[in-house]
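Accompanying notes for the structure given below.
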Amino acid sequence: MIDQRVTVYIDYKSPYAYLAVEPTWTLARDYKVALEWLPYTLDIPDFLGSAKVNNQGEVLEEDRSPHQWRKVRYSYMDARRYANLRGLTIRGPQKIWDSSLAGIGLLYAQKHGKCRDYNSNVYERFWRRELDIEDTSVIKSVLGETNVDVTDFDAFAADEGRLLHDKVRTEAEKKGVFGVPTYVLDDEIFWGREHLPLIRLRLSEKGLARPGVDAPIDTTHAWRPLGPGW
């Protein structure tokens, strides 16, 4: 019986959340835990400003300081370095997307037990610039492609799903969540996929490793005593 839950907050317009998805699934593979995936829709203009570019990367509109531009450009460069190691494509969005509808789709997919397939489909296509995540018919199509019954999706997206999305965000912020990916294990918050080794350590200490499964924990980046660098 699995009674330990790890909550994972993601946003489809975050390249760092994209990079975290597959490594995060190893928690459920190696430990007796259930992963609860929830949307946390970022308000990008609030902390990084906004901009719109054309297919050639030329800026058409912007409300962003030089400092914000440096941060944005570095972030995408950094994300691509890791994406390239894994054969993933990350093309910078041409505008600041409202990803809340895709997040509502996540709630719907999880309700139908198709979270993993939906996540993969949305992330891969969005970051190749092949998916309009603001279009209800597009999200509905993605759900259908992942074998989810979409009969009730329009009504869900317009009412119950929107209310649930907003409630999830409010409750996340009460816990202290401010970015993605964020993990919550018991009452402890971890922001960023770089904390996955520490989460694995916590789960191992709780005796949750699956029997017969090698659950490696690499904490060398933390410079632990007796490890590399000491």
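Sequential numbering from 7 applies to the sequence shown in the numbering used here. Even for Gly, the Cβ is constructed at its ideal location relative to N, Cα and C.
query	result
Out of 119, 117, 56, 112, point me to the one whose CA is closest to residue 129's CA.	112
For residue 206 and residue 62, what's the separation of their Cα atoms in angstroms?	42 Å
Going by the C-beta, is residue 35 closer than 7 Å to any heavy atom of the ligand GTP?	The ligand GTP is not part of the structure shown, which contains no ligands of any sort.
Mapping the DSSP letters down to three states, classify residue 47 as helix, strand or coil.	coil
Starting from residue 188, follow its DSSP beta bridges and name the residues at the other end.	15, 197
So residue 154 packs on residue 23, CB below 8 Å; how close in whole Å?	Not a contact, Cβ separation roughly 21 Å.
Check whether the Cβ atoms of residue 64 and residue 57 sit closer than 8 Å, and answer yes or no.	no
Give me the residue from 29, 170, 109, 114 with the minimum Cα distance to residue 89.	29
May I ask which residues mark the beginning and end of the alpha helix (DSSP H) holding residue 112?	106 to 117
Output yes or no for whether 8 Å exceeds the beta carbon distance between residue 114 and residue 149.	yes
Count Cβ pairs between the stretch 41 to 50 and the stretch 207 to 224 that sit closer than 8 Å; are there 3 or more?	no
Report yes if the C-beta distance between residue 110 and residue 55 is below 8 Å; otherwise report no.	no
Which residues does DSSP list as the beta-bridge partners of residue 37?	215
Looking at residue 301: is its Cβ nearer than 8 Å to the Cβ of residue 181?	No statement about residue 301 is possible, as the shown extent of the chain runs from 7 to 236 and does not include it.
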